[in-house]
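Asks:
Residue numbers (our numbering), protein chains in the order written: chain A, 1 to 199; chain B, 1001 to 1326.
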């Protein structure tokens, strides 16, 4: 039969969260130190907290062993050819983001970089391409060279490629599209505040 | 600014209470709508989203059934919008052009809310979220929650005494804020010089342009929706003449049809124009940031652009349901 913890899990949880006041706290610590299963629970609760805050804070032993093996293997790899920097492609530097060390984000960034290089290459190759302009991700089903109606616009979300005709249609939508019970004042003012730039 | 003190007070208390389609949601919508019509206020209005931020200075007065409003942009191209009921004139001081137009949609409410045609309650529900202080005013916070995945939700801060909306957030299907419109500063019951405000709508010295917009019907244009999109009703159909390329714009060689739908809160425009292989190269959606989404689709020899403050799935439902009549 599985042995029950001598220290209740709720008590360990309160201890982890700093909820116990001094006398209870000292008593709980004493009980904890004498109960191996309670110690495991104590550790598990800390890991859960760390994972909730960031997966980077909770590497397990096997992860570290894998990393060591990976680093050894990478060190054995032959030296790779150096890619000469193309000055036409802008280099963006800045502070590392909070998720900089998370591998999946790096993978995503790698794919985005690949797409950017592809897009720049397409523009250099295609006479009608919009050379020198930045590219954005457009969730389209057709990949085509950017027509001349597309212009780059800086937004809070980053550089955005804007289609002037689409801007015209969006302005027309705001002009006639105020059919909302919330339109006055919020809807009309929202459209009035927004719409002029597209005219 | 331009305003000089004179004495105008809100007419709200003197107005007769209308007969309301008595659902809590309709009654609440009517209250916030009436508050906007019956209040006198000045303030600074800020719209912000991932697409950027825009702000404007607002003056609003009412005199019985007459609504006069002036909106001066504080960002982007300098412009001032003067509104007298549904008559709207946009002044561009740099080019000395004034665009005069009629916004029929502005006169639509609150009649729709009072009528039994209103089905807003079928697709949204209202939840009270408590009280908060916004722009110096005690406000009640409400959540206009969609009942399906075809429309966005709204978090609304309504001034406690009058019901005036002082902050509005559009929420995506996961509850993330897509866009926020809010008064950063508001003076309710402010004294505004009505004569001076009215004179600011004078177009002297401006070249007045009236958009050549013709009312039509989708049926007359040869279009129909093979299947209606839940909750959305057609509100009007217009034909825009060919647009000459100007100010770097692309223009359009053909008429463009704009078919407008609304569920009472969100609006969708379906634009249909002749397909042009040189311009119409990208089917799909383009994320412009904010609450307004767009979706483009080729349909035989036509190019369909759906625009609206709704999820992409809703735009897709519209674009796929659009059908050329045989």
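Backbone N, C-alpha and C fix where the C-beta goes; we use that ideal spot for every residue, glycine too.
The structure displayed is predicted, hence computed values, not measured ones.
What number of angstroms, rounded off, separates the C-alpha of residue 1123 (chain B) from the C-alpha of residue 33 (chain A)?
Replies: 58 Å
Asks: Which residues of chain B have a Cβ atom closer than 7 Å to the Cβ of residue 28 (chain A), listed in chain order?
Replies: None at all; the shortest Cβ gap to chain B is about 37 Å.
Asks: Per DSSP, what kind of secondary structure is residue 9 (chain A) in: helix, strand or coil?
Replies: helix
Asks: When burial is assigned at 16 or more other CB atoms within 10 Å of the CB, is residue 15 (chain A) buried or exposed?
Replies: buried
Asks: Applying the 10 Å Cβ sphere with the 16-neighbour rule, what's the burial state of residue 1146 (chain B)?
Replies: buried
Asks: Residue 1175 (chain B) to residue 1121 (chain B), Cα distance in whole Å?
Replies: 20 Å
Asks: Mapping the DSSP letters down to three states, classify residue 1131 (chain B) as helix, strand or coil.
Replies: strand
Asks: Using a Cβ-Cβ cutoff of 7 Å, what residues of the stretch 1170-1204 of chain B are near chain A? List them in chain order.
Replies: 1181
Asks: Any idea if residue 1077 (chain B) is buried or exposed, counting beta-carbon neighbours within 10 angstroms, 16 or more meaning buried?
Replies: exposed
Asks: For residue 103 (chain A), I'd like the list of residues in its chain whose CB is within less than 7 Å of its CB, leaving aside the five on either flank, ordered along the chain.
Replies: With a pLDDT of 48 at residue 103 (chain A), under the threshold of 50, the predicted position of this residue should be treated as unreliable, though the coordinate-derived value follows. Excluding positions up to five away in sequence, the list is empty.
Asks: How big is the Cα-Cα spacing for residue 1185 (chain B) and residue 1136 (chain B)?
Replies: C-alpha separation (whole angstroms): 8 Å.
Asks: Return the chain-ordered list of same chain residues with a C-beta closer than 8 Å to the C-beta of residue 1291 (chain B), the five sequence neighbours on each side being excluded.
Replies: 1049, 1152, 1170, 1178, 1179 and 1309
Asks: Between which two residues does the alpha helix (DSSP H) harbouring residue 1191 (chain B) extend?
Replies: Here residue 1191 (chain B) belongs to no alpha helix (DSSP H), and DSSP marks it neither H nor E.
Asks: Look at the alpha carbon of residue 42 (chain A) and the alpha carbon of residue 12 (chain A), and state the distance between them as a whole number of angstroms.
Replies: Each residue's alpha carbon lies about 6 Å from the other.
Asks: Does the stretch 1190-1205 of chain B come close enough to the stretch 1213-1224 of chain B to have 3 or more Cβ pairs within less than 8 Å?
Replies: Contact between the stretch 1190-1205 of chain B and the stretch 1213-1224 of chain B is absent, because fewer than three Cβ pairs lie under 8 Å.
Asks: Near residue 9 (chain A), which residues of its chain fall below 7 Å by C-beta distance, leaving aside the five closest residues on each side in sequence?
Replies: 41
Asks: Who does residue 1293 (chain B) pair with in a DSSP beta bridge?
Replies: Looking at the DSSP assignment, residue 1293 (chain B) forms a beta bridge with B:1308.
Asks: Nearest-angstrom Cα distance between residue 1322 (chain B) and residue 1226 (chain B)?
Replies: If I take the Cα positions, the gap works out to 6 Å.
Asks: Taking the alpha-carbon of residue 1149 (chain B) as reference, which of B:1317, B:1324, B:1318 and B:1311 has the nearest alpha-carbon?
Replies: B:1311
Asks: Kindly indicate which three-state DSSP category residue 1172 (chain B) falls into: helix, strand or coil?
Replies: coil
Asks: With DSSP as the reference, label residue 45 (chain A) as helix, strand or coil.
Replies: helix
Asks: Only counting the same chain, and skipping five residues up and downstream in sequence, which positions put a Cβ closer than 6 Å to that of residue 1065 (chain B)?
Replies: none
Asks: Going by C-alpha to C-alpha distance, which of B:1051, B:1287 and B:1041 sits closest to residue 956 (chain B)?
Replies: No information on residue 956 (chain B) is available, as it lies outside the stretch 1001 to 1326 that chain B covers here.
Asks: Taking one C-beta from the stretch 1225-1239 of chain B and one from the stretch 1126-1134 of chain B each time, how about it: are there three or more such pairs within less than 8 Å?
Replies: no
Asks: Mind pulling the chain A residues with CB within less than 8 Å of residue 1328 (chain B)?
Replies: There is simply no residue 1328 (chain B) to check, as chain B begins at 1001 and stops at 1326 in what is shown.
Asks: Assuming residue 1305 (chain B) contacts residue 169 (chain A) (C-beta within less than 8 Å), just tell me the rounded distance between them.
Replies: That belief holds up - the Cβ atoms of residue 1305 (chain B) and residue 169 (chain A) are roughly 5 Å apart, short of 8 Å.
Asks: Evaluate residue 70 (chain A) with the Cβ neighbour count: other Cβ atoms within 10 Å of its Cβ, from every protein chain shown; 16 or more gives buried, anything less gives exposed.
Replies: exposed
Asks: With distance defined between alpha-carbon atoms, name the residue in B:1289, B:1293, B:1295 and B:1297 nearest to residue 1051 (chain B).
Replies: Looking at the Cα atoms, B:1289 is the closest of the given residues.
Asks: One question on the structure: do residue 1240 (chain B) and residue 172 (chain A) come within less than 9 Å of each other, judged by their Cβ atoms?
Replies: yes
Asks: Residue 1343 (chain B) CB to nearest chain A CB: under 9 Å?
Replies: Here chain B comprises residues numbered 1001 to 1326, so residue 1343 (chain B) is not present and cannot be evaluated.
Asks: In chain order, what residues of the stretch 164-179 of chain A put their CB closer than 9 Å to some CB of chain B?
Replies: 164, 165, 166, 167, 168, 169, 170, 172, 173, 174, 175, 176, 177, 178 and 179
Asks: Can the beta-carbon of residue 1157 (chain B) be found closer than 9 Å to that of residue 1173 (chain B)?
Replies: no
Asks: Can a CB atom of chain A be found closer than 9 Å to the CB of residue 1087 (chain B)?
Replies: Chain A contact via Cβ: absent.
Asks: According to the Cβ coordinates, are residue 1208 (chain B) and residue 1099 (chain B) closer than 9 Å?
Replies: yes
Asks: With a cut-off of 8 Å on the beta carbons, I'd call residue 1070 (chain B) and residue 1086 (chain B) a contact; round off their distance for me.
Replies: About 15 Å separates the two Cβ atoms, so there is no contact after all.
Asks: Among all the DSSP beta bridges, which residues are the ones paired with residue 1083 (chain B)?
Replies: B:1069 and B:1088
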